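Down below is the structure, laid out as structure tokens.
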DNA sequence: CCATAACGTTTACACTGTAAAATATACGAC
DNA sequence: GTCGTATATTTTACAGTGTAAACGTTATGG
């Protein structure tokens, strides 16, 4: 079976397969477990082949992040459209946020928890902002309806950081102080209502 | 100048010096910049000497974390005693929290942002909880005065995660969406009052 | 058919943490 | 003092990492 020269489609095919495989490995093992060698093994090729299709590990990693942000943004968008009115929309967005972080903790980590923030990459900021934009739109609507007063962008950031703080500490196990695991889990799941969080 | 045999005191001296140097390097360069070799270079010894005084890199790192938690807890304690009444105490604790995170961002990162959470070590949980305990005590007092209602531990966790979310996103530069840097910086510095954060 | 370009692997280098071996130093007994 | 032994430290070495460079192999255009 002679090999075919790679057409432009094949390049994209390999890149896509590599990103998908890397995403799966990240989800299963976490960030530092995915090396160029382990990824190559999973792809069934030599470690250096990846370097013909990606600038370096950072680029591949950036694409994995973009993919994660895309999934996240899609789910935020769906939640946004499920919301009935500003307050319900904010709640739906928050639930979708928590659901994503709980379902894909490693993805959440490389999106929001990794410090320092990895290098920028074309498309990353766009997709990242898209995930945030629905919260911003909901915050604008909420201000318009008099639910909050102030700068919608600032309010959106506050709402975001509020949820991020809970999710982040919960996912990394730092909320466990005593032994009442169920209570602590419910902190996130039965998260404080917006009324309680912001008057 | 012949070398002296190390007495028990000298062991502790070296360990302390190593932890202090590592702490300084972490503060200057961040987590992954401090290697056993670079630390040894800063200490003026061979890389392997450190292994006679520490089990491995993780132990030394754990001690750096404990030290950071100790400084943090001390500052929380001071803020706690500066507070006049429950509400002011909560504000003082929050200000001290933000001040610490801003002054020692790398220390904050290894304390609260690193995922997965590094291995446990004797004394770490104690010092870590001590830093949290003042917020818990203030939350108890606040509940007793009718400022909040509910489980004080849960309320303390909510207040913590609230501040952590803001600090975390701010320090990692993720709050920067538009170009109004001053506004965004003030989100953390002129942080929302407790009244605004929790009704 | 062959030169050339494209593709992939192998090799190699500078890093990392750290185990093992080699070396240097100090100390107690004679 | 001198030697044996214990201790302290360094040197060497190994298995990892990302990746640059060299090498071989395959496909393609003239």
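Residue numbers (our numbering), protein chains in the order written: chain B, -13 to 185; chain A, -13 to 185. Every residue gets a Cβ at the ideal spot worked out from N, C-alpha and C, and that includes glycine. Bear in mind the structure is a predicted one, so any value in this text is a computation, not a measurement.
Any Cβ of chain A closer than 7 Å to the Cβ of residue 67(B) would place that residue at the interface, and such an atom is absent. Nearest neighbour of residue 77(A) by Cα position, chosen from 145(A), 1(A), 11(A), 2(A), turns out to be 145(A).
Going by DSSP, residue 148(A) is part of the alpha helix (DSSP H) stretching over 138 to 157. Distance from the CA of residue 20(B) to the CA of residue 112(B), rounded to the nearest whole angstrom, comes to 25 Å. In the pairwise beta carbon analysis, the region 104 to 121 of chain B is classified as touching the region 33 to 48 of chain B: at least three pairs are separated by under 8 Å. Residue 52(A) is classed as buried because its beta carbon has at least 16 other beta carbons within 10 Å across all chains shown. Around the CB of residue 117(B), 16 or more other CB atoms lie within 10 Å, so the residue is classed as buried.
Residue-level contact check: residue 119(B) does not touch chain A, since none of the beta carbons of chain A fall below 7 Å from its beta carbon.
Restricting attention to 38(A), 110(A), 17(A), the CA atom closest to the CA of residue 160(B) is found in 110(A).
For the pair residue 26(B) and residue 35(B), the Cα-to-Cα distance works out to about 8 Å. What residue 159(A) touches in chain B, judged by beta-carbon distance under 7 Å, is 103, going in chain order.
Residue-level contact by beta carbon fails for residue 46(B) and chain A, as no gap is shorter than 7 Å. Residue 122(A) carries a helical assignment under DSSP once its states are collapsed to helix, strand and coil. Pairwise C-beta distances place the region 116 to 130 of chain A out of contact with the region 118 to 126 of chain B, as fewer than three of them are shorter than 8 Å. Residue 101(A) is a Cβ neighbour of residue 158(B), given a cutoff of 7 Å. For residue 42(A), none of the residues of chain B pass the 8 Å Cβ criterion, the least Cβ distance being about 17 Å.
Here the region 82 to 93 of chain B makes no contact with the region 128 to 137 of chain B; the two share fewer than three CB pairs at distances below 8 Å. Taking residue 141(B) as reference, the option from 152(B), 128(B), 69(B) with the minimal CA-CA separation is 128(B). By the neighbour-count criterion, in which 16 or more other beta carbons inside 10 Å mark a residue as buried, residue 2(B) falls on the exposed side.
Listed in chain order, the non-local C-beta contacts of residue -1(B) below 7 Å within the same chain number zero, local neighbours out to five positions each way being set aside.
In summary, the residues of the region 138 to 154 of chain A whose CB is separated from some CB of chain B by less than 8 Å are 139, 140, 143, 144, 146, 147, 148, 149, 150, 151, 152, 154, in the order they occur in the chain. Against residue 98(B), the close residues of chain A are 154, 155, 158, 160, in the order they occur along the chain (beta-carbon pairs closer than 9 Å). In terms of beta-carbon proximity, residue 95(B) lines the interface with chain A, with at least one pair separated by less than 7 Å. Judged by DSSP in its simplified three-state form, residue 130(A) adopts helix. If you check the CB distance, residue 143(A) and residue 151(B) do not come in under 7 Å.
For residue 56(A) and residue 88(A), the gap between their C-alpha atoms comes out near 17 Å. The three-state secondary structure of residue 42(B), taken from DSSP, is coil.
Contact note: residue 16(A) reaches chain B through 101, 102, using a C-beta cutoff of 9 Å and chain order. The beta carbon of residue 86(B) sits closer than 6 Å to the beta carbons of 58, 61 from its chain, once the five residues preceding and following it are set aside; these are given in chain order.
When the Cα atoms are used, residue 28(B) and residue 6(B) turn out to be separated by approximately 11 Å.
The DSSP-derived three-state label of residue -1(A) is helix. Straight-line measurement puts the Cα of residue -4(A) at about 45 Å from the Cα of residue 97(B).
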